[in-house]
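When we follow the numbering used here, the leftmost residue of the first sequence carries the number 1, and every step to the right adds one.
Glycine residues also receive a C-beta, built at the ideal position from the N, C-alpha and C atoms.
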Amino acid sequence: MSETEPTTPPAPADFIRDIVAGDLQSGKHPLSVTRFPPEPNGYLHIGHAKSICLNFGIARETHGRCNLRMDDTNPTKEDVEYVESIQADVDWLIRGWADDRLGRKVPGDVSGTAVLPSEASGRSLEPFFASDYFEQMLAFAVELIRRGKAYVCDLTPEQMSEYRGVPERPGKPSPWRDRSVEENLDLFERMRQGEFPDGTRTLRSRIDMASPNIHLRDPALYRIRHATHHRTGDRWCLYPMYDYAHPISDYLEGITHSICTLEFEIHRPFYDWVLQSLDLPRTLPRQIEFARLSLGYTVMSKRKLLQLVEEGLVTGWDDPRMPTLSGLRRRGVRPEALRAFAAAIGVTKYNGLTEVSVFEGCIRDDLNLVALRRLAVLRPIKVVLTNIAEGETHWFDAVNNPSQPELGTRKIAFTRELWIDSDDFMEVPPPKYFRLRPGGEVRLKYACIIRCDEVIKDATGAVVELRCTADLETRSGGANAAKKVKGTIHWVSAAHAIRAEVRLYDRLFTEEAPEAEGRDFKSVLNPESALTVTALLEPSLAEARQSDRFQFERVGYFTLDVPYSPTGVAPASVPLIFNRTLGLKDSWAKEMAKK
RNA sequence: UGCCCGAUGGUGUAAUGGUAGCACAACAGUCUCUGAAUCUGUUUGUCAUGGUUCGAAUCCAUGUCGGGCAACCA
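Set out below in structure tokens:
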């Protein structure tokens, strides 16, 4: 069997998948329906990728469905820019993997009815929006009022906070708690009509002001917000709270398993309260919580990412150093690597810190298999081969990917003047240095062995040129091809090389836990996280396409820079810029760093 | 001085009362026209104390440590 054959990894197992499998087996639900419900107030990041892979992974493994839903109940924070980027990022991450399980809807339909791509029959589909359910939510709220389970409260935000009490001590009931159903109905309707200014009244659930769970102390269902919503415009001035909107949205869409992160654990009793208070006919969804991802050397909260963007500490949400999906994509990380990562870290309720090396390993494993090998010199020194005539050109074959021979070979030119990387020559090398040194020999990858005869320096003593002799007998197929030397280095022909900007991205922070010990995460930004060099590349790289992945041999993985565009269309003329996705492992550098 | 949740090598995770396994990291070696990849090997763990049981990482009790909860945010 070829090692390039896509192997089917065993389906991941975790406590959530166990629950879903159990509910399917018991017949509680005939089909699993999950959902991915981001609020469109920022860009998706690798933490969301964990959730997407979980929710869509379950849909994929159980032949169920996963709805994409914008949780847009707070007009003051949300924007269509985010709606669009979220759709693009989800599509990118699940394409060819679980996109056939993606539940969306027909535009205009507010019933919660999902349509799978296979059922679209030519219709265009769009994600679900919590704001599409505002009418139904309102009707349910009226029902809660009628049942005596909700009331209009006139307390100010400050008063409400005071009445709520603290976790250790019970709260006290609002003086408005016992209004009549008629008065509540009337007030609520007038709230909806826009009669009252922001902050003057709320609709509250009536549960238990003495509950040890503070989220059960009559939490708010609706607040007044005279604001323009990115989708419903000025139609509403009354907006439901997350805790109320979420269970109803889930129910309306027939969600069976509502998977969220641990901080919502304490909200679960309220989630159940809303649904149970309504005497709904269908089987209710179950909320299940798991630990969010925290990854070393980065920050994950939208607030902090927004801060990096707004303060210009990065170039945007899609800066290749950002943990956002758009940033990772621009950096050259493929969805396959993100999915492998999600499978590798698992799903539990334990709040740990995942080492970046796990993620980097997934990226390298993925890229190693697909990346086209190329020769590129990042920090050049000139080599002159004194026994090669000017104008003399030899053409050598170079394989594109040693693990995938079907990717073929290319010709590379070998001439009198070459560039090699400055790392690959040392005048006074340390022990075990296998590269070029005065009087030493090294193999030029795909070409032949050269010997360094002379070191030319400028007035300051800096090395400007190496005069060497090439032994063409040692080239592939040559009489002495089998000759062994310790080192093999990469190079490009000076006459053929093209120039390009190469951006050497690195970790954004110098500390594994940037915000540990209460420090400001911005105080540990890595000043060398985005170095730029002008590199000399083999000419085939001029034809690089966006979808290509390259390994600059002995250097790292690179891809063409493609800034995010909301329209999905790349700018007409793209200058040749390569982004470093990740360096190759470098045990020599590691060895040196020890000393 | 409340409530909810959690704790398995350095890190993440598996073992669902019956041999503590896997991955990453680290280290050593192999191989190499990439100091990459590959391949081989090594080191390191059940938070503590009691209890139940023929048998406990798993069940129970107590404690310790960690996370979360007091927006008209999600």
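Secondary structure at Trp97, three-state DSSP: helix, strand or coil?
Working through the first sequence from its first residue, we reach residue 97 at position 97. Coil at Trp97, not helix or strand.
Is it buried or exposed, Asn184, if we count other Cβ atoms within 10 angstroms and call 16 or more buried?
Against the first sequence, residue 184 aligns to sequence position 184. With 16 or more Cβ atoms within 10 Å of its Cβ, Asn184 is classed as buried.
Does Leu444 come out as helix, strand or coil in the three-state DSSP assignment?
To locate residue 444, count along the first sequence from 1; it is residue 444. It is a strand residue.
For Phe552, which residues from the same chain have a beta carbon less than 6 Å from its beta carbon, with the 5 sequence-adjacent residues on both sides left out?
As a first step, residue 552 must be located in the first sequence, where it is residue number 552. Arg374, Ala376 and Phe558.
Measure the C-alpha to C-alpha separation of Met300 and Ala470 and round it to an integer number of angstroms.
As a first step, residue 300 is located in the first sequence; it is residue number 300 there, counting from the start. As a first step, residue 470 is located in the first sequence; it is residue number 470 there, counting from the start. Rounded to the nearest angstrom, the two C-alpha atoms are 52 Å apart.
Quick check on the DSSP output: the beta strand (DSSP E) that includes Ala398 runs from which residue to which?
As a first step, residue 398 is located in the first sequence; it is residue number 398 there, counting from the start. Residues His394 to Val399.
What is the rounded straight-line gap between the Cα of Ala245 and the Cα of Lys28?
For the purposes of this step, residue 245 is taken as the residue at position 245 of the first sequence. For the purposes of this step, residue 28 is taken as the residue at position 28 of the first sequence. When rounded, the distance between both Cα atoms is 24 Å.
Applying the criterion that 16 or more other CB atoms from any shown protein chain within 10 Å of the CB defines a buried residue, is Asn387 buried or exposed?
As a position in the first sequence, residue 387 is number 387, starting the count at 1. Exposed.
Taking three-plus beta-carbon pairs below 8 Å as touching, is the region 357-367 in contact with the region 116-133?
Too few Cβ pairs lie closer than 8 Å, so no.
Determine the direct distance from the alpha carbon of Arg286 to that of Ser111, and round the result to whole angstroms.
Position 111 of the first sequence, counted from the start, is the residue given in the question as residue 111. Position 286 of the first sequence, counted from the start, is the residue given in the question as residue 286. Whole-angstrom Cα-Cα distance: 20 Å.
Measuring straight from C-alpha to C-alpha, what distance separates Ala530 and Arg95?
Mapped onto the first sequence, residue 530 falls at position 530. Mapped onto the first sequence, residue 95 falls at position 95. Near 30 Å, if we compare the C-alpha coordinates of Arg95 and Ala530.
Excluding the five sequence neighbours on either side, which residues of its own chain have a C-beta within less than 6 Å of the C-beta of Pro173, listed in chain order?
As a working mapping, residue 173 is identified with position 173 in the first sequence. Answer for Pro173: Met209, listed in chain order.
The ligand NAD and Asp23: does any heavy atom of the ligand fall closer than 8 Å to the residue's C-beta?
This structure lacks the ligand NAD; in fact it carries no ligand of any kind.
With three or more C-beta pairs closer than 8 Å as the rule, is the region 33-45 touching the region 211-224?
No: the two stretches stay apart, fewer than three of their Cβ pairs being nearer than 8 Å.
Which of helix, strand or coil does DSSP assign to Ile388?
As a working note, residue 388 is residue 388 in the first sequence. Of the three classes helix, strand and coil, the one that applies to Ile388 here is coil, per DSSP.
Pop quiz: Val603 and Ile449 are said to be a contact at Cβ under 8 Å. What is the actual Cβ separation, rounded to whole angstroms?
The structure shown does not extend to residue 603, since the chain is modelled only from 1 through 595, so no value can be given for it.
Once DSSP output is grouped into helix, strand and coil, what is the label at Lys304?
Residue 304 sits at position 304 when you count from the first residue of the first sequence. Looking at Lys304 - three-state DSSP - the assignment turns out to be helix.
With C-beta atoms as the reference, is Phe128 less than 9 Å away from Met191?
Sequence index remark: in the first sequence, residue 128 carries index 128 (1-based). Sequence index remark: in the first sequence, residue 191 carries index 191 (1-based). Result no, Cβ atoms of Phe128 and Met191 do not sit closer than 9 Å.
Could you give the DSSP three-state label for Ala218: helix, strand or coil?
Taking the first residue of the first sequence as 1, we reach residue 218 at position 218. Position check: residue 218 holds Asp in this sequence, whereas Ala was assumed. Looking at Asp218 - three-state DSSP - the assignment turns out to be coil, as it is neither helix nor strand.
Report the rounded CA-to-CA distance for Val524 versus Gly316, giving the unit in angstroms.
In the first sequence, the residue the question calls residue 524 occupies position 524. In the first sequence, the residue the question calls residue 316 occupies position 316. Distance between the alpha carbons of Val524 and Gly316: 19 Å.
Alpha carbon to alpha carbon, what distance is there between Lys349 and Tyr289?
In the first sequence, residue 289 corresponds to position 289, counting from 1. In the first sequence, residue 349 corresponds to position 349, counting from 1. Note that residue 289 corresponds to Glu in the displayed sequence, not to Tyr. Distance between the alpha carbons of Glu289 and Lys349 is about 7 Å.
Please work out which residues of its chain come closer than 7 Å, Cβ to Cβ, to Lys657, disregarding the five sequence neighbours upstream and downstream, and give them in chain order.
Because residue 657 is not part of the residues shown, which for the chain are 1 to 595, the question remains open.
Please classify Gly440: is it buried, with 16 or more other beta-carbons within 10 angstroms of its beta-carbon, or exposed?
Counting from 1 along the first sequence, the entry for residue 440 is found at position 440. When all chains shown are included, Gly440 counts as buried.
Is it buried or exposed, Met137, if we count other Cβ atoms within 10 angstroms and call 16 or more buried?
Position 137 of the first sequence holds residue 137. With 16 or more other Cβ atoms within 10 Å, it is buried.
Short of 6 Å in beta carbon distance, which residues of its chain neighbour Leu367, apart from the five on each side in sequence? Order them along the chain.
Indexing the first sequence from 1 puts residue 367 at position 367. Closer than 6 Å at the Cβ level, and outside the excluded window around Leu367, lie Arg549 and Tyr557.
What first and last residue would you give for the alpha helix (DSSP H) that runs through Ile19?
Translated into positions along the first sequence, residue 19 becomes position 19. Ile19 -> alpha helix (DSSP H) spans Phe15 to Gln25.
In angstroms with no decimal places, state the Cα-to-Cα distance between Glu310 and Asp318.
Within the first sequence, the letter at position 310 stands for residue 310. Within the first sequence, the letter at position 318 stands for residue 318. One C-alpha to the other measures close to 13 Å.
In angstroms with no decimal places, state the Cα-to-Cα distance between Asp23 and Thr34.
As a working note, residue 23 is residue 23 in the first sequence. As a working note, residue 34 is residue 34 in the first sequence. Whole-angstrom Cα-Cα distance: 13 Å.
Thinking C-beta only, is Leu325 closer than 9 Å to Asp586?
On the first sequence, position 586 is the one that residue 586 refers to. On the first sequence, position 325 is the one that residue 325 refers to. No, the Cβ-Cβ distance between Asp586 and Leu325 is not below 9 Å.
Specify the secondary structure class of Tyr645 as computed by DSSP and reduced to three states.
The displayed coordinates of the chain run from 1 to 595. Any statement about residue 645 would go beyond what the structure contains.
Going by DSSP, name the residue or residues bridged to Val33.
Taking the first sequence and counting its residues from 1, the one referred to as residue 33 is at position 33. Answer by DSSP bridge pairing, in chain order: Arg65.
Could you say which of His496, Ala479, Thr534 and Pro323 lies nearest to Arg503 if we only look at CA atoms?
Counting from one through the first sequence, the residue named residue 503 turns up at place 503. For Arg503, the nearest C-alpha among the options comes from Thr534.
Buried or exposed: where does Thr474 fall if 16 or more other Cβ atoms within 10 Å of its Cβ makes it buried?
If you number the first sequence from 1, residue 474 lands on position 474. It is buried - the Cβ of Thr474 has at least 16 other Cβ atoms within 10 Å.
Do Leu155 and Thr202 have their C-beta atoms within less than 9 Å of each other?
If you number the first sequence from 1, residue 155 lands on position 155. If you number the first sequence from 1, residue 202 lands on position 202. Result yes, Cβ atoms of Leu155 and Thr202 sit closer than 9 Å.
So, with DSSP's three-state summary, where would you put Val485?
If you number the first sequence from 1, residue 485 lands on position 485. In this structure, Val485 counts as coil in the three-state DSSP scheme.
Kindly indicate the opening and closing residues of the alpha helix (DSSP H) around Lys457.
Against the first sequence, residue 457 aligns to sequence position 457. Looking at the DSSP string, Lys457 is not in any alpha helix (DSSP H); the run it does join, the beta strand (DSSP E), is Ile449 to Lys457.
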